[in-house]
Structure formats: structure tokens, C-alpha cells
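S.K.: Everything in the sequence shown is counted per my numbering, starting at 24 for the first residue and increasing by one.
Virtual Cβ for every residue (Gly too), placed ideally from N, Cα, C.
Predicted model, so just to flag it, every value in this text is computed and none were measured.
This is the structure I have questions about; it appears just below.
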Amino acid sequence: MTTNAIERNQSAQLGASLYLLHVLLEEAERRQGGFVRATIEHVLKDHSGIPEDVPDKHFVDAVFSEILDMLRRADPASALPAMPPAPRPRTTAAAEPSRDWLQWIAESRLRECTPASMLETMKAAGLDAAQAEAAIAAMENEPAFLAARRMQQLQHKLESVTGNLQKLWASAPHYDIVEKRTSPSRDEFIERYVRGCRPVVLTDVARDWPAMKRWSPEDLKQRFGRFDVEIQDGRDADPNYEENKLAHRRVVPLGPFVDRVLAGGPTNDYYLTANNEALRSEAFSPLLADIGSLPPACDRSQLADRSSFWFGPAGTKTPLHHDTIMLFHTQVVGRKRWRLISPLETPKLYNFNNVFSPVDIDDPDLSRYPLFKEVTILDVVVEPGETMFLPLAWWHQVVSLDLSMSLSYSNLDVPNDFSFRNPDIRNW
24 MTTNAIERNQ
34 SAQLGASLYL
44 LHVLLEEAER
54 RQGGFVRATI
64 EHVLKDHSGI
74 PEDVPDKHFV
84 DAVFSEILDM
94 LRRADPASAL
104 PAMPPAPRPR
114 TTAAAEPSRD
124 WLQWIAESRL
134 RECTPASMLE
144 TMKAAGLDAA
154 QAEAAIAAME
164 NEPAFLAARR
174 MQQLQHKLES
184 VTGNLQKLWA
194 SAPHYDIVEK
204 RTSPSRDEFI
214 ERYVRGCRPV
224 VLTDVARDWP
234 AMKRWSPEDL
244 KQRFGRFDVE
254 IQDGRDADPN
264 YEENKLAHRR
274 VVPLGPFVDR
284 VLAGGPTNDY
294 YLTANNEALR
304 SEAFSPLLAD
314 IGSLPPACDR
324 SQLADRSSFW
334 FGPAGTKTPL
344 HHDTIMLFHT
354 QVVGRKRWRL
364 ISPLETPKLY
374 NFNNVFSPVD
384 IDDPDLSRYP
394 LFKEVTILDV
404 VVEPGETMFL
414 PLAWWHQVVS
424 LDLSMSLSYS
434 NLDVPNDFSF
444 RNPDIRNW
């Protein structure tokens, strides 16, 4: 049997096995809700423990990727992050370019890499120079590549539209300053900030909140220390901790976690974030009783269902991303620095994966992400008692300057349900 025939046979067997597993998982989930979510945690944990030098690691990674994709499709919540697939292209010494290399050639040309630089990369990976050069040249006349070039023209048109709109938007006086406002009317707030899609800090929302006088780590421990909460832990060891947040989920008693925060000093290693469901629990309902007046255009009846409690040390960092809804974020204890970028600047943020950008605003790698140097960053520190309004799709990176306690909530009484067609390219 030829090598190609063997590979096709293996692929067919793997596909049949995965289909059968998918059917079984759907039945298991029907009988026991949450079964798939628990299984995916085990998959992520098992995969992270596989040594890099294990034989056929790329094949093992590919199998795990297929299994995880299948698990996501079986999960009713459809909110589980995917594991990155096996790196490609795989190195093949002294052989004609594989399908993976041909895809790499097409992608590199679409990103306007020069044929000379591509040839050097392929030679360094062990491919035959003559065959690599021929493959690069042949790609220019491939029908699929020519079709991709046409689609690229449409993409470039959209990028030029957003770029020109951003240029017009940024020409406004003081565009790069986030306003701080006191008591805008409902009509002005909706027109200027919601429909106008402008970030703003409201300075007086929490003026009558009991939380402003009551909330502290000690109060949190005294009232709720015996209850369990979901935190993110072990973040420092993972450069993609936010994208892989499911793997960092831990359920711990709140009391010892408060002690850990107080004793640990500034760190990004652990954080009680919006992923926790504490405010959906009756045990933590007194926290919502500590919330007074709400910003304009809020529906009080939806607060319990559409709010999240945040608690963590100084130094916690939420990397650059955008949300898919509009929300408010009120600081009760401590300060947070918000750095924001217009959604019209998205083409310059290398958004290949879902709602995330790989760029660190505080330390951008401009050799790898050169377009980022053209981006305008809005910078503001939100003080205790102040409320950030985050408009739709605005990119933001947030750092806690102090030990922080805050509340985020998305219970606007205007339409706040939007659809995004996010990319899912995990190995760029």
C-alpha cells in the first residue's frame, strides 16, 4: 500500500471513530448535563502533560485538536475554547513541498511576503531549493490562489473604509482623551456614547452605593469566606492565559483566597474574574444589595443575571481583546488603568483568534506586529467610585494598579445583543 493510501485509510478510520465518539458524547450529555464540559477539562489537562519530544508529537496534537473540536460541537453551551492545532507546516527534509507547505506559500504571498524571503525560510527548514522555488512560482497561477486574491480585494476595500472612517473619527478635538462626566442625561448618554460608540467614565454613578463604604477584603471574607468561588489560577506560566482560561479554572473557598490576595502582593497569577458565577448564587446576593443607583439606560431587574464580581491583587492584567456586548464596569476598591482602541482599528491588531489580539499594548513587538505603530491608544485610570462605559467592540487592555474590587454589568435597556463572525486561526 502506498504512503498516500495509508494516510487516507488512517484519516477515514479517525473520522469514523470521531463521529462515533460524537454520538456517544451527545447521549452522555443528555443523561448527565455538564458531562462534556468536565471531559474537556480532562482533555486539556492530559494534553498539557505530553512532553514536547514524544514521537509523532504533531500527530498527537492533531488528534487532540480534532477531539477538542468535536467536544465543542457536542457541548450545549458552545463556549469552550479550542486547543491550538498541530503547528504547520511540518519540516520535511529534502522533499517536494507538502500540502501544508503549499498552504503556507499561499498565505505568505497573501501577506505580501517576498518570494526570496519565503525561499530562504523553506531552505532553512530542509526543503529542496529548486522544488521550493518552483512551488512558490507556481502558486501565482493556481486557480484557488487567484480566487483568494479576488477575495483579498474585497477585504482591502473594507479595510480602507474602516481606515477612512477612523481617520475622520480621530480628527475630532481631544479624540485621544476619555471623557469623565457627571450625570449626563439618558438621551445624551444614548446618543453620544451608546450610538456614538464612545467610551466615557461616569464619575458619580456609585455615589449612593453602600458598597463604597462596606466593601473590603476583610468584609468579603467575613460575610462570604465559607462559600466557594471560581477563580483563574496559574496564569503566569501561560502567555495565553485568557484564551486558555478554562484550563486555569479552580474552585476554592473564598476566605483562603482573600488571605492569599492580601499576602501575595502584586501579581497576575490569580484573579477572581467575570467568569465566576458568584452573583447567580443566593449565597452572594447580599453583594447586589450593596448596589445603589445605576447609570442611564440600565434595567435594574436584569442586574442579578447580567453582572459579575471581580476581586484580585494589584498587577492583574486582562490582555487586549474586545467584548461582544456593551457594558459598565464600576470600581469600588482600588484603581484600574484602561487602555482602549477603536474597533475601526481592528485590521491593525492582528486579530486572528476569536476576540483576542496577540499585541501587548504595554510592550508591543513592532517587528512582529508593525501595523500596530499606527494605532491610537486612549488611556484612562478609573478611580474608586467611577464607572467605565465600554462601547460596542472597543478593544481594551486593563491592569489593576491596586488591590481591586469591582462590578461589571451589561443590563442596558437598549438592544445589547450583537453577532460577530470571529476568526479562528490558531497558528499565525
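Does the distance from the C-beta atom of Leu414 to that of Pro196 stay below 8 Å?
M.R.: Before going further, note that residue 414 is Pro rather than Leu in the sequence given. In this structure, Pro196 does not lie closer than 8 Å to Pro414 by Cβ.
S.K.: Let me know the secondary structure DSSP gives Asp17 once reduced to three states.
M.R.: Not covered by the structure: residue 17. The range shown for the chain is 24 to 451.
S.K.: Take Pro319 as the anchor and find which of Arg215, Ile159, Pro138 has the nearest alpha-carbon.
M.R.: It is Arg215.
S.K.: DSSP on Val378, reduced to helix/strand/coil?
M.R.: coil
S.K.: With Met145 as the anchor, note down where its alpha helix (DSSP H) starts and where it stops.
M.R.: For Met145, the uninterrupted alpha helix (DSSP H) run begins and ends at 138 to 147, by DSSP.
S.K.: Taking its Cβ as the centre, do 16 or more other Cβ atoms sit within 10 Å of His345, making it buried, or is it exposed?
M.R.: buried
S.K.: Which residues mark the beginning and the end of the beta strand (DSSP E) in which Phe280 is found?
M.R.: No beta strand (DSSP E) holds Phe280; the alpha helix (DSSP H) holding it covers 277 to 287.
S.K.: Does the Cβ of Arg258 have 16 or more other Cβ atoms within 10 Å, making it buried, or fewer, making it exposed?
M.R.: buried
S.K.: Whose CA, out of Thr296, Asn291, Asp199, Leu302, lies closest to the CA of Phe247?
M.R.: Leu302
S.K.: Consult DSSP for Ser206 and reduce its assignment to one of helix, strand or coil.
M.R.: Coil.
S.K.: Indicate whether the contact test is met: 3 or more Cβ pairs, each with one atom in the stretch 169 to 181 and one in the stretch 283 to 301, closer than 8 Å.
M.R.: no
S.K.: When the distance is taken between beta carbons, is Pro279 closer than 8 Å to Leu426?
M.R.: no
S.K.: Taking all protein chains shown into account, decide if Phe351 is buried (16 or more other Cβ within 10 angstroms of its Cβ) or exposed.
M.R.: Classification of Phe351: buried, given that the 10 Å Cβ count is 16 or more.
S.K.: Nearest CA to the CA of Ala160: which residue from Thr137, Ile348, Glu202?
M.R.: Thr137
S.K.: If distances are taken between C-alpha atoms only, which option among Arg329, Glu202, Pro309 comes closest to Leu435?
M.R.: When only C-alpha atoms are compared, the closest one is Arg329.
S.K.: Comparing alpha-carbon positions, which option in Ser239, Ser431, Glu368, Ser308 lies nearest Gly357?
M.R.: Out of Ser239, Ser431, Glu368, Ser308, Ser239 has the C-alpha closest to the C-alpha of Gly357.
S.K.: To the nearest angstrom, how far is the alpha carbon of Val421 from that of Asp383?
M.R.: 11 Å
S.K.: If Val274 sits next to Glu253, beta carbons under 8 Å apart, how far is it from one beta carbon to the other, in whole angstroms?
M.R.: 5 Å
S.K.: Just the Cα atoms here: how many angstroms apart are Ala327 and Glu305?
M.R.: Between Ala327 and Glu305, the C-alpha separation is close to 10 Å.
S.K.: Thinking just about the alpha-carbon of each residue, which of Ser380, Phe58, Tyr293 is nearest to the one in Asp260?
M.R.: For clarity, residue 260 is Ala in the given sequence; the question names Asp instead. Among Ser380, Phe58, Tyr293, the Cα nearest to that of Ala260 is on Tyr293.
S.K.: Nearest to Lys244 by CA position, among Asp447, Pro438, Met428, Ser131, is which residue?
M.R.: Met428
S.K.: Do Trp192 and Leu367 have their CB atoms nearer than 8 Å?
M.R.: yes
S.K.: Need the endpoints of the alpha helix (DSSP H) that Thr296 sits in, please.
M.R.: Segment: none, Thr296 is in no alpha helix (DSSP H) and carries neither H nor E.
S.K.: With a threshold of 16 other CB atoms inside 10 Å of the CB of His198, please say whether the residue is buried or exposed.
M.R.: Residue identity check: residue 198 is Tyr in the sequence provided, not His. That one is exposed.
S.K.: In the DSSP assignment, find the unbroken beta strand (DSSP E) run with Ile314 in it and report its ends.
M.R.: In the DSSP assignment, Ile314 falls outside any beta strand (DSSP E) and carries neither an H nor an E.
S.K.: Can you check which of these residues, Gly288, Val437, Asp322, is closest to Leu424 by C-alpha distance?
M.R.: Gly288
S.K.: In this structure, how does DSSP classify Tyr432 when only helix, strand and coil are distinguished?
M.R.: strand
S.K.: Need the endpoints of the beta strand (DSSP E) that Val422 sits in, please.
M.R.: 418 to 423
S.K.: Judging by CA-CA distance, which residue of Thr185, Gly219, Val224 is the nearest neighbour of Arg204?
M.R.: Val224
S.K.: How about Leu394 and Leu363: do their beta carbons lie closer than 8 Å?
M.R.: no
S.K.: So, do the stretch 152 to 166 and the stretch 119 to 129 have three or more beta carbon pairs nearer to each other than 8 Å?
M.R.: yes
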